[in-house]
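Structure first, commentary second.
Protein chains in written order, with this note's numbering: chain A, 1488 to 1625; chain B, 2 to 459.
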């Protein structure tokens, strides 16, 4: 077949192998990432032997979006779960586009609101567990 | 004047500005809890190869548009993306230099707007999908009704609402004098190349289409291996001293190379001159001749601002209104479709609403294009003064040897040719004192070299 796609068709974005860190906790960040293909895990070093896995991110998910709004270092490490392809979005472009069109960041704001909501639910769950433990001790 | 629940919207034209207008309207309306009825009129079959299925465009998605789409959740399937581009090679009459961005990531894609080039039909099923079809499907997935018919006439009803009349077809139960529909809002996304623009001129609200010029675009079959051996993953830009030529570009696109010529009223004779230029010929296999009649088109492109692209309940978006000069027309369609949708849903659908919400976005683009005209006119100066062009290549080469940058001139040129930043932004960066000083030094060196009789600048 004449138009059989060539094997070496280049792919957009950056590719990472299983286990490779895409961003690292504590490092400065100046871009966010969108997963084009594959899955990734968000891990936080909580002092225990195995890092705490906070979330599994699927295709089309974002991560590193907090660096768009603050200058703080990355708060978590994101590692590839199997082969992953991501596209980076530069902070400079992001802020410029947001200035031109405030609705541009709507999807990210919605996602951040969802994450805050689940974090609050997690805090409430942990406090309840802690209270139950304390009560059982007394 | 506002949209209400179940308001009816007609969009004429199913290119990127039409489909994206529908997409953003429905997406934003959903977030606001508003239900809208959107009819999109597009008779073109985007699965057809050659001119019947194509909206005539070079088919490159800029870096900024790829990032915007990824951020806003608009996904392009792999079958739409034919090639990824990682660098630009700038060819002048005497020399060339490659420009690579500091990031090692491919964020520019080449696509086919329609079903593919003429002649590809015999090879069905084709391994690619039309970009325009994908966007149309995206709009349909949110509830847009696609009316695959040609619009014959537009008019106003007694309440000053726009009405759409369809071109009758054989055995069509729709009577010629009966409107297909009366709408609360009419959006014209008719481009510059069809008869659609006349429909809006006849509505007689003072709309005047933008100034335009003619480009020349051809899809040249070379086979995927040959395309990548010859062009790599780079877009090749030719700044040649040929009268009427602004610039030409050769883009890898899977099995094809897309040749784009921009200039003043580009015609066959200018295209032939560009093809014969040694800088172009050496990128093709030895003895390779351009097909006598390749799949090609000579679309009109927007080079100036429109007049009155809106009135009460009517607005024009895309090439038939404000677009970006020469580069990133699809990105401009994206931006203006969004500006239109935001205006309609947050301001309203009256002329005053468009004046307050949509017009500033048009004017911002039009003002930026003025600076674009100035930047491209500088190329005319460069042609008359070859050491200037040599100096540009010298500075680019010196910058590209610095792995960590900053690549000031390279990044300004990268953004010029990728369409990834506004001309205002590019101009501000190109006028940086460091670039000016480096250019002056390189011009002096080039002048000395030319006095010595050498034309090659190391």
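The C-beta atom is built at its ideal place from N, Cα and C for all residues, glycine as well. Keep in mind that this is a model prediction, so the values were computed, not measured.
With a Cβ-Cβ cutoff of 8 Å, do residue i and residue j count as a contact?
i	j	result
residue 280(B)	residue 239(B)	yes
residue 1572(A)	residue 1527(A)	no
residue 322(B)	residue 340(B)	no
residue 445(B)	residue 409(B)	no
residue 307(B)	residue 57(B)	no
residue 393(B)	residue 4(B)	no
residue 389(B)	residue 382(B)	yes
residue 189(B)	residue 16(B)	no
residue 247(B)	residue 377(B)	yes
residue 1561(A)	residue 1522(A)	no
residue 540(B)	residue 197(B)	Coverage of chain B is limited to positions 2 through 459, which leaves residue 540(B) absent and any answer about it impossible.
residue 1548(A)	residue 1519(A)	no
residue 132(B)	residue 81(B)	yes
residue 1595(A)	residue 72(B)	yes
residue 1(B)	residue 10(B)	Because chain B in this structure spans residues 2 to 459, residue 1(B) falls outside the shown range and cannot be described.
residue 1569(A)	residue 1516(A)	no
residue 447(B)	residue 395(B)	yes
residue 373(B)	residue 326(B)	yes
residue 319(B)	residue 343(B)	no
residue 101(B)	residue 403(B)	no
residue 430(B)	residue 412(B)	yes
residue 68(B)	residue 1580(A)	yes
residue 193(B)	residue 303(B)	yes
residue 234(B)	residue 98(B)	no
To which residues does DSSP link residue i through a beta bridge?
i	result
residue 297(B)	219(B)
residue 236(B)	89(B)
residue 254(B)	257(B)
residue 182(B)	165(B)
residue 147(B)	41(B)
residue 303(B)	213(B)
residue 378(B)	Its beta-bridge partners do not exist; DSSP assigns none.
residue 1529(A)	1542(A) and 1565(A)
residue 9(B)	38(B)
residue 120(B)	Answer is none; residue 120(B) lacks a bridge partner.
residue 157(B)	163(B)
Please state whether DSSP places residue i in a helix, a strand or coil.
i	result
residue 130(B)	coil
residue 415(B)	helix
residue 113(B)	coil
residue 452(B)	helix
residue 196(B)	coil
residue 1502(A)	strand
residue 458(B)	In this predicted model, residue 458(B) has a pLDDT of only 44, less than 50, meaning its place in the structure is not dependable; the value taken from the coordinates is given anyway. Looking at residue 458(B) - three-state DSSP - the assignment turns out to be coil, as it is neither helix nor strand.
residue 359(B)	coil
residue 1508(A)	strand
residue 77(B)	coil
residue 3(B)	coil
residue 1518(A)	strand
residue 1575(A)	strand
residue 135(B)	helix
residue 1524(A)	strand
residue 247(B)	strand
residue 492(B)	Residue 492(B) lies beyond the stretch modelled for chain B, which goes from 2 to 459, so this question has no answer here.
residue 387(B)	helix
residue 264(B)	strand
>> Any C-beta of chain B within less than 8 Å: which residues of the segment 1493 to 1514 of chain A qualify?
In response: Residues passing the 8 Å Cβ filter: 1493, 1495, 1496, 1497, 1498, 1499, 1500 and 1501.
>> Residues of the segment 1584 to 1613 of chain A in Cβ contact with chain B at a cutoff of 9 Å, in chain order, please.
In response: Residues passing the 9 Å Cβ filter: 1584, 1587, 1588, 1589, 1590, 1591, 1592, 1593, 1594, 1595 and 1597.
>> Pairs of beta-carbons, one from the segment 43 to 52 of chain B and one from the segment 109 to 120 of chain B, closer than 8 Å: are there three or more?
In response: As far as the Cβ criterion goes, the segment 43 to 52 of chain B touches the segment 109 to 120 of chain B, which means the pair count is three or higher.
> Taking a cut of 9 Å between CB atoms, which residues from the segment 93 to 120 of chain B lie near chain A?
Replying inline: Contact residues of the segment 93 to 120 of chain B toward chain A are 104, 105, 106, 107, 108, 109, 110 and 117 (C-beta to C-beta distance below 9 Å).
>> For the pair the segment 257 to 269 of chain B and the segment 220 to 240 of chain B, tell me if three or more CB-CB distances fall below 8 Å.
In response: Inter-segment contact for the segment 257 to 269 of chain B and the segment 220 to 240 of chain B is present: three or more beta-carbon pairs are separated by less than 8 Å.
>> At a CB distance below 7 Å, what residues from the segment 71 to 82 of chain B approach chain A? Give them in sequence order.
In response: Those would be 71, 72, 73, 74, 76 and 82, in chain order.
>> Counting only Cβ-Cβ distances shorter than 8 Å, please list the residues of the segment 1557 to 1577 of chain A near chain B, keeping chain order.
In response: Those residues of the segment 1557 to 1577 of chain A placed with their C-beta closer than 8 Å to a C-beta in chain B are 1574, 1575, 1576 and 1577, ordered along the chain.
>> With three or more C-beta pairs closer than 8 Å as the rule, is the segment 128 to 140 of chain B touching the segment 421 to 438 of chain B?
In response: No: fewer than three Cβ pairs fall under 8 Å.
>> Would you call the segment 203 to 210 of chain B in contact with the segment 303 to 322 of chain B, where contact means no fewer than 3 C-beta pairs closer than 8 Å?
In response: Enough Cβ pairs lie closer than 8 Å, so yes.
> Should the segment 1495 to 1513 of chain A be called in touch with the segment 102 to 111 of chain B, which here means at least 3 C-beta pairs below 8 Å?
Replying inline: Flag = yes, the segment 1495 to 1513 of chain A and the segment 102 to 111 of chain B touch.
> Can we say the segment 1528 to 1535 of chain A touches the segment 1573 to 1580 of chain A, given the rule of at least three CB pairs closer than 8 Å?
Replying inline: A contact between stretches requires three or more CB pairs, one per stretch, nearer than 8 Å, and the segment 1528 to 1535 of chain A fails this requirement with the segment 1573 to 1580 of chain A.
>> Output needed in chain order: residues of the segment 1544 to 1558 of chain A with a Cβ under 8 Å from some Cβ in chain B.
In response: For the segment 1544 to 1558 of chain A, the residues whose beta carbon sits under 8 Å from a beta carbon of chain B are, in order, 1547 and 1549.
> Three or more C-beta pairs closer than 8 Å, one from the segment 325 to 344 of chain B and one from the segment 1585 to 1594 of chain A: is that the case here?
Replying inline: Yes, they touch.
> Should the segment 149 to 161 of chain B be called in touch with the segment 282 to 298 of chain B, which here means at least 3 C-beta pairs below 8 Å?
Replying inline: Result no; under three Cβ-Cβ pairs closer than 8 Å.
> the segment 14 to 34 of chain B: which residues have C-beta closer than 8 Å to a C-beta of chain A, in chain order?
Replying inline: Under the 8 Å Cβ criterion, the segment 14 to 34 of chain B contributes 29 and 32.
> Should the segment 139 to 155 of chain B be regarded as contacting the segment 24 to 31 of chain B, the criterion being three or more beta carbon pairs within less than 8 Å?
Replying inline: With the cut-off at 8 Å, the segment 139 to 155 of chain B and the segment 24 to 31 of chain B touch.
> Of all the residues that make up the segment 345 to 365 of chain B, which are near chain A by a beta-carbon distance shorter than 7 Å?
Replying inline: Contact residues of the segment 345 to 365 of chain B toward chain A are absent (C-beta to C-beta distance below 7 Å).
> At a Cβ cut of 8 Å, what residues of the segment 230 to 245 of chain B count as close to chain A, listed as they run along the chain?
Replying inline: Against chain A - using a Cβ distance shorter than 8 Å - the residues of the segment 230 to 245 of chain B are 234.
>> What are the residues in the segment 322 to 340 of chain B lying within 8 Å of chain A by C-beta distance?
In response: Per Cβ criterion, the list reads 336, 339 and 340.
>> Output needed in chain order: residues of the segment 48 to 65 of chain B with a Cβ under 7 Å from some Cβ in chain A.
In response: Listed by position, the residues of the segment 48 to 65 of chain B near chain A (Cβ gap below 7 Å) are 65.
> Listed from N- to C-terminal order along the chain, which residues in the segment 250 to 280 of chain B have their beta-carbon within a distance smaller than 8 Å of any beta-carbon of chain A?
Replying inline: Listed by position along the chain: 255 and 256.
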